[in-house]
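According to my numbering, the sequence shown is numbered sequentially starting from 401. C-beta: ideal position from N, C-alpha, C; glycine also. The structure presented is a predicted model; accordingly, all values stated were derived computationally and were not measured.
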Amino acid sequence: MAQFADFDSRGYPMVDVRTGYGQWVGSYERTVEDLMDLAVLARLAVPDWASVARAADLGCGTGRTGVWLRAQGVQAVDGVDLTPEMLALAGAKGAHDRLVEADLAATGLPDGGYGLVVSSLVDEHLADLTPFYREAYRLAAPGGLCVLVGLHPQFIMAAGMPTHFTTDGGEDVAIDTHLHLVSDHLTAALAEGWQLAEMREGVVGDEWIALKPKWSRFRGIPVSAAYVFRKV
Numbered sequence: 401m402a403q404f405a406d407f408d409s410r411g412y413p414m415v416d417v418r419t420g421y422g423q424w425v426g427s428y429e430r431t432v433e434d435l436m437d438l439a440v441l442a443r444l445a446v447p448d449w450a451s452v453a454r455a456a457d458l459g460c461g462t463g464r465t466g467v468w469l470r471a472q473g474v475q476a477v478d479g480v481d482l483t484p485e486m487l488a489l490a491g492a493k494g495a496h497d498r499l500v501e502a503d504l505a506a507t508g509l510p511d512g513g514y515g516l517v518v519s520s521l522v523d524e525h526l527a528d529l530t531p532f533y534r535e536a537y538r539l540a541a542p543g544g545l546c547v548l549v550g551l552h553p554q555f556i557m558a559a560g561m562p563t564h565f566t567t568d569g570g571e572d573v574a575i576d577t578h579l580h581l582v583s584d585h586l587t588a589a590l591a592e593g594w595q596l597a598e599m600r601e602g603v604v605g606d607e608w609i610a611l612k613p614k615w616s617r618f619r620g621i622p623v624s625a626a627y628v629f630r631k632v
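The structure is reproduced here in structure tokens:
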């Protein structure tokens, strides 16, 4: 099994998810680019966002994804996150009907209550994908979708870069990062009963290089991936 440690070229000190995002919260939205996740979600053809009565936003963070979902016509969104500081920002945005502080593998949300389960920029923090896909399957209504968008494993391997932030004191700190191949996602999801409906990849191109000129050496490499699974 591929391990992120085999590709880590930064060697930053690493902290757990709750600690890291609690410290990153103040600058998070100035750091994360919409090209990484929201632009890839916008390219998906299978989800009919406006037909979704209620979505579960797992790893909702500061509420970026919830705001985007509501803008696409999703009628109601419940959010779950492990970090209270992130949930406070999400609450201030007002896009979520309900916010829950919980682990993604045990959300406490109702069985079969959601036409859409979505997760953005979370999977690299999961040591094992199976609990996520199992919980998402429990939450989804029959015929519902699970949409996951995250860092592409090829980019993680090429860049050797963990998810990281810069502290107020100027120190670069990494957040617990795991490497999951595309086949790892498919194997875990299919084993829980999901059916693959669509997959999209976002590559480093002119838009990315305009934002991050140093990424020119990654031109053509996929930086993020979106998976759409259907509950059948």
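query, result
"7 Å Cβ cutoff met for residue 508 and residue 481", "no"
"Helix, strand or coil at residue 491 according to DSSP, with G and I counted as helix", "helix"
"Boundaries of the alpha helix (DSSP H) in which residue 535 is found, first to last residue", "530-539"
"Segment contact, 8 Å Cβ cut-off, at least three pairs: the stretch 502-516 with the stretch 531-540", "yes"
"Backbone CA spacing between residue 563 and residue 422 [nearest angstrom]", "14 Å"
"C-alpha gap between residue 448 and residue 410, whole angstroms", "40 Å"
"Residue of 458, 513, 525 minimising C-alpha distance to residue 501", "458"
"Candidates 510, 599, 578, 475: closest to residue 451 by CA position", "475"
"Beta carbon of residue 496 nearer than 7 Å to that of residue 576", "no"
"Environment of residue 592 [buried if 16+ CB atoms lie within 10 Å]", "buried"
"Top-ranked residue by Cα proximity to residue 626, from 548, 404, 407, 522", "548"
"Residue of 602, 490, 558, 519 minimising C-alpha distance to residue 455", "519"
"Bridge-paired residues (DSSP) for residue 420", "Looking at the DSSP assignment, residue 420 forms no beta bridge with any residue, so it has no partner."
"Cβ-based burial, residue 416 [other Cβ within 10 Å; buried from 16]", "exposed"
"Contact check, residue 523 vs residue 543, beta carbons under 7 Å", "no"
"Integer Cβ distance of residue 361 from residue 514, believed to fall under 8 Å", "Residue 361 cannot be examined here, being either before or after the span of the chain that is shown, 401 to 632."
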